[in-house]
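Number of protein chains: 4
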Amino acid sequence: MYTQHQKRQKTYGGRQTPVTDSYEFFPGVTRVEYRPGASAEDSLCFRHYNPSERVHGRTMEEWFRPAVSYWHAFSYQGLDRYGMPAFIRPWDEAPNSLEACKRRVRAAFEFFSKLGVRYWTVFDRDLTPEGYTLEESFQQLDEVIDLVQELQQRTGIKPLWFGCNLFSHPRYANGAATNPDAHVAAYAAAQCKKAFDIAMKLGAENFLLWGAREGYHNPMVADLPREMRNYAKFLKIVADYKDKHGFRGNLLIRPGPHRESRFYNSEHRYESEDCDTFGRYDYDAMSTLCLLKHHGLERQFKLHVYPGRDHLFASA
Amino acid sequence: MYTQHQKRQKTYGGRQTPVTDSYEFFPGVTRVEYRPGASAEDSLCFRHYNPSERVHGRTMEEWFRPAVSYWHAFSYQGLDRYGMPAFIRPWDEAPNSLEACKRRVRAAFEFFSKLGVRYWTVFDRDLTPEGYTLEESFQQLDEVIDLVQELQQRTGIKPLWFGCNLFSHPRYANGAATNPDAHVAAYAAAQCKKAFDIAMKLGAENFLLWGAREGYHNPMVADLPREMRNYAKFLKIVADYKDKHGFRGNLLIRPGPHRESRFYNSEHRYESEDCDTFGRYDYDAMSTLCLLKHHGLERQFKLHVYPGRDHLFASA
Amino acid sequence: MYTQHQKRQKTYGGRQTPVTDSYEFFPGVTRVEYRPGASAEDSLCFRHYNPSERVHGRTMEEWFRPAVSYWHAFSYQGLDRYGMPAFIRPWDEAPNSLEACKRRVRAAFEFFSKLGVRYWTVFDRDLTPEGYTLEESFQQLDEVIDLVQELQQRTGIKPLWFGCNLFSHPRYANGAATNPDAHVAAYAAAQCKKAFDIAMKLGAENFLLWGAREGYHNPMVADLPREMRNYAKFLKIVADYKDKHGFRGNLLIRPGPHRESRFYNSEHRYESEDCDTFGRYDYDAMSTLCLLKHHGLERQFKLHVYPGRDHLFASA
Amino acid sequence: MYTQHQKRQKTYGGRQTPVTDSYEFFPGVTRVEYRPGASAEDSLCFRHYNPSERVHGRTMEEWFRPAVSYWHAFSYQGLDRYGMPAFIRPWDEAPNSLEACKRRVRAAFEFFSKLGVRYWTVFDRDLTPEGYTLEESFQQLDEVIDLVQELQQRTGIKPLWFGCNLFSHPRYANGAATNPDAHVAAYAAAQCKKAFDIAMKLGAENFLLWGAREGYHNPMVADLPREMRNYAKFLKIVADYKDKHGFRGNLLIRPGPHRESRFYNSEHRYESEDCDTFGRYDYDAMSTLCLLKHHGLERQFKLHVYPGRDHLFASA
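So, in structure tokens, the structure goes:
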């Protein structure tokens, strides 16, 4: 006797979907249209959002620039510290195989097209897993990027931002740019250069950095000003590289609350959150601006703040 | 060029340790002794804890009953929602193979013995992974329990508590005893019965339940009193089973803060924690006592509250 | 040159309003009516609330029983730990004189009547200040209650609840029923008896207790079970008195978050809130129910929980 | 029958202490000395703090510069939003009379001298109450400052900082420098000039500003950049005035958490704290530095951060 979960698992689990150009991941779902008269029962339609409707001289689409987050919608498998991966999706068997990575990309672009958005947002490591060496990581990424490029050309969809994930691999547990191990900082720089090149290649409107693991576990055992200088130096290099290569998009930096920075001690979040001294240097909008101003970077970077997250940044 | 992390990975990663009874996981580490005169430089010794020293008519060991948490020290691999497994341990290659599970158990008992504790604490699923079916899960567990029993007999070490993990598998994403899918509740009951039988078999001093996923996402879409009745009914069954089989230990229930209950939406923790309506019914000591009293279970269960966690329970 | 604040102060500050039965505190304001067609510009009217409109067999007024809080609307003068009284009201010059107390009551009933509510809520000490002795406090209260009774009869307005303020006077800084000084507990009992008698006299629908100062500053220096027994004993006496005198309303107990309990160290709220050990025994709905059940009082008391405060109670 | 509180009140309450130069507020208490051998029972002595002991080339006194906060120790009467003034002190009968203000100053200097500190910290309005006009406020202040100056000369004690209280009077409920009423901003400037002149007169080591009421209730109804410009403009004026008059001390600005800024709606703290949008512009160290840098004031002001408050500032 199976639980619903296992039933679903059975349905998908076995199949190695043979994905062709014509394979449909969302059969029966057609383009999501604007239907102002739709009732509460109607689904898969926009009742209020009309992309081409002009408001104060611009279309809604131009104002909102809706984008789908690849990680939230396709890469993230639904695990947390207490739970195994909880999402079951037809494109996700053997999730770390290159085949699966490509299946995921195809599913995503079908989704984007049917939803009618022109933008997506994605981190490098959401597209392909970390390889055993940097080279291997790059090769795998390049192979999937070729497919992404082809699908972008076919659909006209572009990254609203392309980001560099310097926080998921254990290597970055103690930070990337501020990591006490110089090898790690160098590794981060190399990964970042590659991500930036891809961002340009894909015509991303913005390039995103999120120092989710930068920071200190305890101010007593860290040289905070020095770490901030190192972080700023890293940002400076990115800014110089951008100018040198004439990237016309913006560099974005995403502030994040202190607690987000915890790595593999998230249970302590529950025990010691209140008195925890762990912190980041760019934990909210003002602190990030302060960091940028102090190192003369306020013209090079813009803030990436989620709508409705400003309170969090002020209070987290 | 490798980062330190990769160097360590290389050292261990490749090797399939051939584990024999005589294999030592912590070579060069001998029994940790009480050495009151030890200096700050000396490590691997107790400067204050003297197990056999009598205080008010009992030995320190009898007062404290120190125990090692198997999950924290051996099973947990250091991942969080933003990060890959970060711990690298010789017993952890291919962590889900039965061989690895046994290696881990051997390493743990070597650790317990050298540390000189008489107790450990463990959840069923920390010992072996979830199988594809309930039967498979049981078979794997039985095989490892045989080894555990052998090592317990050899060392005289026992579980301070043996717990039932009804929160890690996606099946329990919406609760175990309070899951809207009756199949899941039945599944949880079967797993719990098995775990209880093992607790008795291993001579555990206590049997622990932790409803980490019980609760509601939004009080508007749940029938709270009914869910609490279902939860209490589950607890009642466990208590009856205990009496029927004459388990002489205690039944423990561990309260947990609201936020702990979040499953695969932990990012929302950051966006909506403040206004999140997600909650548990046993989120602190008083609410758990209230739940137990209301259903006449206060004599059957004792609370399991971590030292120093009471504030958390009051404030989380 | 005066600031606006001082201008207003000048306007009111000097005048000793000669209050007669016919004196109007809100001249030009007539009865607030239901006007569904009112535009956003229209004020002093109800656009949605229609007291006499029947919904599922009851009028809106019967469902909602809207009431005005006397303290929030009339007694509280707008001070906080960092600020002087900030409210300037014509009925508030010499706020502690009996004349001012009566002016305030007249203003309130004019307000209730024009608003069209049938209920108000009030604590004993919101009506008259603390006297130097218990007797003096009672005499002043009686004099104002006579006026209240007269105005209630004239308007048909009643207390939705009448409460006993056992938290404002420094005497109660360390609790009323749980105060280590038996004299204070006795004093609280006497004040409570008087308040209860008035509640019956005024035909209050409920009698409210709010243990805003009960609790401990640090669990290390308090005998918590004993304090809870003392608190329960106090509640028991109130319940017995109610039965003896045949009060037909309900006894209400209002849970309150930990932080609310702080007395004259509220700045520490900012420094030590996170790690503060100060706490109450009835800090949320579940803990209050637990307290009541444990002492067999769950049939005698109902909870008074503000709408929308349940989250607070769970999280405060 | 009196409670302890009333007994104490009786003892002090009636007496109008005739204060002479020789009057002693702390009879029987002599100079608090350094007594390293003191036992746990001994009180009124320093067991670890030895003012004249040299550590790394400085005396402890030079390192720590201990100071007594006048407001916490003498002016504040122990009220909070839920409670009447709770402190009973011989120098506090008729606390708003000039006589009481002088008694308080004499008591404070006796206390400072016996404690052996060389510094105190004080806000202008802690010394004398707000007068009905600015002129009156100044006259009262001048009269008390004459006594302060005399006592400072006699004891050699100086202000570690002298501050300007722009947050207690209702006039400042919506901010001082950022108040929408220009009269209030002008009033604040005049009060600040006076306070600064006194700081110089008393030889204060620092002059403190704390924008406890600056900020917004809701970002939707405020022009934040403009308010920040107004705040910065105010700070600029203070800095210019300092340079012009050659004050050799530092200008300090004290960041404060969001919640501190609430004025007479502190109960809402409990209902809406989580989702409250009220905020300050200088709510922690980084945001204050950002504000200063953005307006080119980082060389004019130093931060005043309480030890141990940095976490608060980051998290409040």
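Protein chains in written order, with full-length UniProt numbering: chain A, 1 to 316; chain B, 1 to 316; chain C, 1 to 316; chain D, 1 to 316. Beta carbons are placed, not taken as given, at the ideal position from N, Cα and C, and that holds for glycine.
Could you tell me if residue i is buried or exposed, where buried requires 16 or more neighbouring beta carbons within 10 angstroms of its beta carbon?
i, result
"residue 306 of chain A", "exposed"
"residue 63 of chain C", "exposed"
"residue 273 of chain D", "Only weak support is given to the placement of residue 273 of chain D: the predicted model assigns it a pLDDT of 35, under 50, and the value that follows is read from those uncertain coordinates. Buried."
"residue 242 of chain C", "buried"
"residue 269 of chain C", "The predicted model places residue 269 of chain C with a pLDDT of 35, which falls under 50 and marks its position as unreliable, so this point remains unresolved."
"residue 123 of chain B", "buried"
"residue 132 of chain C", "exposed"
"residue 79 of chain C", "buried"
"residue 230 of chain C", "buried"
"residue 182 of chain D", "exposed"
"residue 20 of chain D", "exposed"
"residue 96 of chain B", "exposed"
"residue 154 of chain A", "exposed"
"residue 129 of chain D", "buried"
"residue 227 of chain A", "buried"
"residue 304 of chain C", "buried"
"residue 179 of chain A", "buried"
"residue 26 of chain D", "exposed"
"residue 42 of chain D", "exposed"
"residue 22 of chain A", "exposed"
Which residues does DSSP pair with residue i in a beta bridge?
i, result
"residue 68 of chain B", "B/120"
"residue 46 of chain D", "D/34"
"residue 88 of chain C", "According to DSSP, residue 88 of chain C bridges with nothing at all."
"residue 302 of chain A", "A/252"
"residue 330 of chain B", "The displayed coordinates of chain B run from 1 to 316. Any statement about residue 330 of chain B would go beyond what the structure contains."
"residue 279 of chain A", "A/216"
Just curious, the alpha helix (DSSP H) that residue i is in, first and last residue?
i, result
"residue 112 of chain A", "98-115"
"residue 237 of chain C", "224-245"
"residue 40 of chain A", "It is not in any alpha helix (DSSP H) - residue 40 of chain A carries neither H nor E in the DSSP assignment."
"residue 77 of chain B", "It is not in any alpha helix (DSSP H) - residue 77 of chain B carries neither H nor E in the DSSP assignment."
"residue 144 of chain D", "134-155"
"residue 295 of chain D", "Run containing residue 295 of chain D: none; DSSP gives neither H nor E here."
Please confirm whether any heavy atom of the ligand NAD lies closer than 7 Å to the CB of residue i.
i, result
"residue 222 of chain D", "In the structure on display, the ligand NAD does not appear, and there are no ligands present to speak of."
Problem set entry | Runs of beta strand (DSSP E) wholly within the stretch 158-220 of chain C (minimum 3 residues, chain order) | 158-164, 206-209
Exercise. Does the pairing of the stretch 66-79 of chain C with the stretch 94-113 of chain C give three or more beta-carbon distances under 8 Å?
Worked result: yes
Problem set entry | At least three beta-carbon pairs within less than 8 Å, the stretch 204-223 of chain A to the stretch 164-172 of chain A | yes
Exercise. Is it true that the stretch 86-100 of chain D meets the stretch 35-45 of chain D, where meeting means three or more beta-carbon pairs spaced less than 8 Å apart?
Worked result: no
Exercise. Counting pairs of Cβ atoms below 8 Å between the stretch 46-62 of chain A and the stretch 130-145 of chain B, do you hit three or more?
Worked result: no
Exercise. Any chance the stretch 114-121 of chain A sits against the stretch 189-199 of chain A, with 3 or more Cβ pairs inside 8 Å?
Worked result: no
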